[in-house]
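Under this note's numbering, read the sequence shown as residues 40 to 249, first letter to last.
From the three backbone atoms N, C-alpha and C, an ideal C-beta is built for every residue, glycine too.
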Amino acid sequence: MMGAPGAGKGTQTHLLSEKYGLPQISTGDLLREMSKAETPLARSLKETIASGALVRDEVLADLIISRTSGEDCRNGYLLDGFPRTLIQANLLGELARRQGNEIRVFSIVVSMDCLLKRLSGRRICTLCGEIYNVFFRPPKREGFCDLDGAPLLQRSDDFEDSVKRRLAAYQESTLPLIDYYRQGGRLKEIDGQRSVAEVFAKLSESIDDI
Ligand code: AP5
Numbered sequence: 040m041m042g043a044p045g046a047g048k049g050t051q052t053h054l055l056s057e058k059y060g061l062p063q064i065s066t067g068d069l070l071r072e073m074s075k076a077e078t079p080l081a082r083s084l085k086e087t088i089a090s091g092a093l094v095r096d097e098v099l100a101d102l103i104i105s106r107t108s109g110e111d112c113r114n115g116y117l118l119d120g121f122p123r124t125l126i127q128a129n130l131l132g133e134l135a136r137r138q139g140n141e142i143r144v145f146s147i148v149v150s151m152d153c154l155l156k157r158l159s160g161r162r163i164c165t166l167c168g169e170i171y172n173v174f175f176r177p178p179k180r181e182g183f184c185d186l187d188g189a190p191l192l193q194r195s196d197d198f199e200d201s202v203k204r205r206l207a208a209y210q211e212s213t214l215p216l217i218d219y220y221r222q223g224g225r226l227k228e229i230d231g232q233r234s235v236a237e238v239f240a241k242l243s244e245s246i247d248d249i
């Protein structure tokens with residue numbers, strides 16, 4: 040699942056994972072989890088993520104190779120936010136060949152104005168990870184999760200400077216991959232500016248057509 044920061048990759052991949060029974064592999068979530076350890080690598084990950092820059096390809100390679108070798112990935116898996124560079128795309132191609140998988144790419148397309156609102160308005164439950172948005176999907180009680188009442192937090196990279204850097208990294212390193220997959224005939228672009236349910240319906244339709 041590809042798309043600019045805030046396009047809705049996490050929201051949609053989570054729903055698809057439930058519908059199709061395939062594991063959601065979100066490199067952003069995995070890296071944030073890794074960054075909580077007390078190690079030099081974890082500290083550098085924390086800094087890189089908060090700054091909005093991309094994490095080194097070598098770190099991503101180790102992460103993806105190890106995560107996709109799990110038993111739950113035997114029938115395929117949903118990648119959320121990977122690949123983001125040509126080096127990562129080449130690695131994925133190689134992995135897919137070895138694992139006997141076929142790659143399908145969905146790109147969620149959203150305008151810049153909308154992305155900025157989605158990122159600045161995003162709030163996440165500190166307990167269950169449920170994603171809210173103060174503009175588009177506010178919780179019933181401000182600042183607290185509807186599901187478990189735990190406090191909601193704003194991500195360290197959802198502040199203005201980091202958002203600018205993330206969008207720049209997307210333009211520079213990830214956008215060229217869209218063309219790469221389009222030329223290979225593997226890409227399906229989805230209008231991400233509709234409601235969550237409508238985007239989900241379009242994605243499901245495209246997957247069922249495969
Ligand atoms: P990551 O966590 O992947 O962040 P991102 O790509 O910037 O994407 P986001 O999680 O911000 O947005 P999303 O598209 O998932 O949208 P969401 O569904 O949450 O990566 C974080 C960092 O980790 C990177 O900056 C980098 O440092 C590192 N990293 C990760 N992968 C890497 C890689 N492969 N290589 C190198 N570094 C890597 O939705 C956003 C908001 O919009 C929410 O509030 C949601 O409720 C709302 N929303 C969603 N859909 C809709 C809709 N249809 N209508 C209205 N509101 C909606």
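How many whole angstroms separate the CB atoms of residue i and residue j, which I take to be in contact at a CB cut-off of 8 Å?
i             : j              : result
serine 146    : isoleucine 229 : 7 Å
glutamine 165 : aspartate 119  : In the sequence as displayed, the identity of residue 165 is threonine instead of glutamine. About 20 Å separates the two Cβ atoms, so there is no contact after all.
lysine 85     : serine 74      : 4 Å
threonine 213 : methionine 41  : 7 Å
Tell me the DSSP secondary structure of residue i in three-state form.
i              : result
methionine 41  : strand
leucine 166    : coil
proline 178    : coil
arginine 204   : helix
isoleucine 249 : coil
aspartate 230  : strand
valine 238     : helix
leucine 192    : strand
arginine 161   : strand
asparagine 129 : helix
serine 150     : coil
Tell whether a beta-carbon distance below 8 Å holds between residue i and residue j.
i                 : j                 : result
glycine 91        : arginine 204      : yes
isoleucine 142    : alanine 135       : yes
threonine 66      : leucine 117       : no
alanine 89        : leucine 206       : no
glycine 49        : isoleucine 217    : no
leucine 250       : phenylalanine 198 : The structure shown does not extend to residue 250, since the chain is modelled only from 40 to 249, so the question has no answer here.
cysteine 167      : leucine 155       : no
proline 62        : aspartate 111     : yes
tyrosine 220      : valine 144        : yes
phenylalanine 239 : leucine 54        : yes
arginine 106      : isoleucine 163    : no
threonine 124     : aspartate 152     : no
leucine 130       : isoleucine 103    : yes
serine 150        : glutamine 232     : yes
glycine 60        : arginine 157      : no
arginine 225      : arginine 194      : no
glycine 109       : asparagine 140    : no
Exercise for the section: Run through the stretch 52-122 for me and flag every whole alpha helix (DSSP H) of 4 or more residues, listed as ranges in chain order. Expected result: Listed in chain order, they are 66-73, 79-90, 96-107.
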